[in-house]
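Every position in the sequence shown, counted from 1, becomes a number in my numbering once 495 is added.
Every residue, glycine too, gets a C-beta built ideally from N, C-alpha and C.
All figures in this text were calculated on a predicted structure; none of them were measured in a lab.
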Amino acid sequence: MKTTLLHPWHKAAGARLAPFADFEMPIQYSSAVEEHKLCRRSAGLFDTSHMGRLLLHGEGAGNALSAIVSSAILDMEAGEARYALLLNDQGGIIDDLFIYRLESSQKYIDPWFIVVNAGNKETDIAWITPRLPSAVVLEDLSEKTGMIAVQGPKAIDLLDRIAAEQAGDTTGNLPKGAPESSRVSIITRSNMACLSLAGIPVLAGRTGYTGEDGAEIYCNAENVLFLWETILAEANNINIEAGAIGLAARDSLRFEAGMPLHGHEISAEISPLEALLSWACDFNKDFAGKEALLALKEAGLKRKLITLNVTGGVPREGYTVLNNNGECIGKVVAGMFCPTTGTYSANAFVPVENASVGTQLAVEIRGTPKEAIVIKRPLYVPVYRRKN
């Protein structure tokens, strides 16, 4: 079982640990519900170093990557981030990625930083590598770097307080990300910049997977623990409520915000069209899996992802979804109590004729059908998508 560099800290903090994507990871430190609420009201720290971090570079790297991933990326400026999908030839989702365009330098020509799911890293590398021209190199930086997410309405204020003057050229295992910044708040949403936190050179992306504002911080591996402890200590010094948050709350946060998790709402057997992710596919360019998606469009979808509110019990993954005739029409792919909305909710794939908002269905819980209704997604609109 693999561990992150923060594993000893998690153990010392009394975290409940469990296997996740071949890593022993903190599931919760105290109450998963309270950790969820902490992120929604103030600031939470997430150890995300189990995620894969890849660097693609070399003459023509951008063009090669564009032909592989679903989203348009060649219009990105240095420092921009974009969500993209890695599809197989059948249009199934191998993985979902966050792609950052970095600045070219003497060391790195046309560099791209790619964040992948921990359990899919080797699969992703095996899929991407043979599709690259000889001049393009794919490096795995996962062991050499660390990753921390700081999320919540007070997250940016907290990080600004420990941001130093401009970092200058980042060295070591991190390439230069984008124009330098002295504060995280200067970075616009879905962008990255170089800066210094507590004297540590980092790449900071104004991104995250909770529905809250915040940043994902990348640094050299030897600095992860110091940075983690410094952020928590500074939060205490300036009276910002902050704490470590485990995977249980991370799951409920992303679920409420309508963000997919591989192995649940997305997989190699699920297409972006079924998962409501067609917005992440640019059909004006070529990409792996495009022809399969076009054929699926032409034939018409048979199923699609829905969110249900359930009355009378907690819907769990694998539970059966029933129509009004009591017939099985699908399975729950993720379900839980949602602390922000106070609902028992589930995601499921059902036939398109059962997918309209307001449709009455049922979820079978311990052999008993429980009332369920299809609701508008997401349960919690991310703060950066709200209209002023």
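Tell me the DSSP secondary structure of asparagine 818 in three-state form. It is coil, neither helix nor strand.
Name the DSSP beta bridge partners of methionine 831, please? For methionine 831, which the question treats as bridged, DSSP gives the partners Ser840.
How would you call valine 845, buried or exposed, if buried means at least 16 neighbouring beta carbons within 10 angstroms? Burial call: buried.
Tell me the rounded alpha-carbon separation between leucine 654 and leucine 500. Approximately 21 Å, taken between the alpha carbons.
Considering only C-alpha positions, which residue in the set Val847, Ile568 and Ser599 is nearest to glycine 593? Residue identity check: residue 593 is phenylalanine in the sequence provided, not glycine. Nearest in C-alpha terms to phenylalanine 593, of all of Val847, Ile568 and Ser599, is Ile568.
Residues in its own chain within less than 7 Å of alanine 644 by CB, not counting five upstream and five downstream? Counting only Cβ-Cβ distances below 7 Å, and skipping sequence neighbours, we find Phe541, Thr543, Gly703, Gly709 and Glu711.
Taking Cβ positions, are aspartate 591 and proline 696 nearer each other than 8 Å? No, the pair does not count as a contact, with Cβ atoms beyond the cut-off.
Which residues does DSSP list as the beta-bridge partners of asparagine 686? Its beta-bridge partners are Glu575.
Beta strand (DSSP E) segment containing asparagine 804, residue limits: Secondary structure note for asparagine 804: its beta strand (DSSP E) is the uninterrupted segment 798-805.
Taking C-beta to C-beta, are tyrosine 839 and valine 809 nearer than 8 Å? Between tyrosine 839 and valine 809, the C-beta gap is smaller than 8 Å, which places the two residues in contact.
Use the C-beta contact count for methionine 520: other C-beta atoms within 10 angstroms, 16 or more gives buried, fewer gives exposed. The residue in question, methionine 520, is buried, as its Cβ has 16 or more Cβ neighbours within 10 Å.
Along the chain, where does the alpha helix (DSSP H) containing lysine 792 start, and where does it finish? It spans 785-794 - the alpha helix (DSSP H) in which lysine 792 sits, taken as one unbroken run.
Using the three-state DSSP reduction, which class does histidine 552 fall into: helix, strand or coil? Here DSSP, grouped into helix, strand and coil, assigns histidine 552 to strand.
Helix or strand or just coil, what does DSSP make of valine 645? In the displayed model, valine 645 falls within a strand according to three-state DSSP.
Between methionine 571 and glycine 509, what straight-line distance do the alpha-carbon atoms span, to the nearest angstrom? In this structure, the straight-line span from the alpha carbon of methionine 571 to that of glycine 509 is close to 42 Å.
Rounded to whole angstroms, what's the CA-CA distance from glycine 825 to leucine 803? Just pull it up for me. When rounded, the distance between both Cα atoms is 12 Å.
In its own chain, which residues sit with a C-beta less than 6 Å from the C-beta of proline 834, not counting the 5 before and 5 after it? Excluding five sequence positions before and after proline 834, the CB atoms of its chain that fall closer than 6 Å to its own CB belong to Val528, His531 and Lys532, given in chain order.
Whole angstroms is fine: what's the gap from aspartate 777's alpha carbon to alanine 770's? If I take the Cα positions, the gap works out to 16 Å.
Could you pull out every unbroken alpha helix (DSSP H) segment of at least 4 residues lying fully inside the stretch 567-627, listed in chain order? DSSP runs (the alpha helix (DSSP H)) wholly in the stretch 567-627: 616-623.
What three-state label does DSSP hand valine 631 in the structure shown? Residue state, collapsed to three classes: coil.
Backbone secondary structure at leucine 698 - three-state DSSP: Shown here, leucine 698 sits in a strand according to DSSP, grouped into three states.
Is the beta carbon of arginine 811 less than 8 Å from the beta carbon of glycine 784? No. Outside cutoff.
Hey, leucine 690 and alanine 658 are a contact pair by Cβ (cut 8 Å); roughly how many whole angstroms apart? Contact between leucine 690 and alanine 658 is confirmed by a C-beta separation of about 6 Å, below the 8 Å threshold.
Whole-number beta carbon distance between alanine 857 and alanine 867, since they are thought to touch under 8 Å: Rounded, the Cβ-Cβ distance is 5 Å, consistent with contact.
Where does aspartate 517 fall in DSSP's three states? DSSP places aspartate 517 in coil when its eight states are reduced to three.
Which residue wins for smallest C-alpha separation from glycine 738, given the options Asn818, Gly539, Gln585 and Ser526? Closest by alpha carbon: Gly539.
With distance defined between alpha-carbon atoms, name the residue in Asp619, Ala559, Glu764 and Ser525 nearest to arginine 548. The option with the nearest alpha carbon to arginine 548 is Asp619.
Near glutamate 575, which residues of its chain fall below 6 Å by C-beta distance, leaving aside the five closest residues on each side in sequence? Same-chain partners within the cutoff: Arg596 and Asn686.
Three-state secondary structure (DSSP) of tyrosine 704: Reduced to three states, the DSSP call for tyrosine 704 is coil.
How about leucine 720 and leucine 692: are their beta carbons less than 8 Å apart? Not closer than 8 Å, so no.
Using three-state DSSP, classify threonine 666 as helix, strand or coil. Reliability fails at threonine 666, whose pLDDT of 41 lies under 50, so the model's placement of it is uncertain and the value that follows must be treated cautiously. Assigned with DSSP and collapsed to three states, threonine 666 falls in coil, not helix or strand.
From this set, Gly837, Glu859 and Asn849, which residue's C-alpha is nearest valine 827's C-alpha? Of the candidates Gly837, Glu859 and Asn849, the residue whose Cα lies closest to the Cα of valine 827 is Glu859.
Spatial neighbours of leucine 748 in its chain, beta-carbon cut-off 7 Å, leaving aside the 5 residues before and after: Sequence-distant Cβ neighbours of leucine 748 in its own chain, meaning closer than 7 Å and more than five residues away, are His531, Cys534, Thr705 and Gly706.
At the level of alpha carbons, what is the spacing between serine 561 and alanine 507? In a straight line, the C-alpha of serine 561 is about 44 Å away from that of alanine 507.
Short check: CB of valine 631 to CB of alanine 556, under 8 Å? Yes, these two residues count as a Cβ contact at 8 Å.
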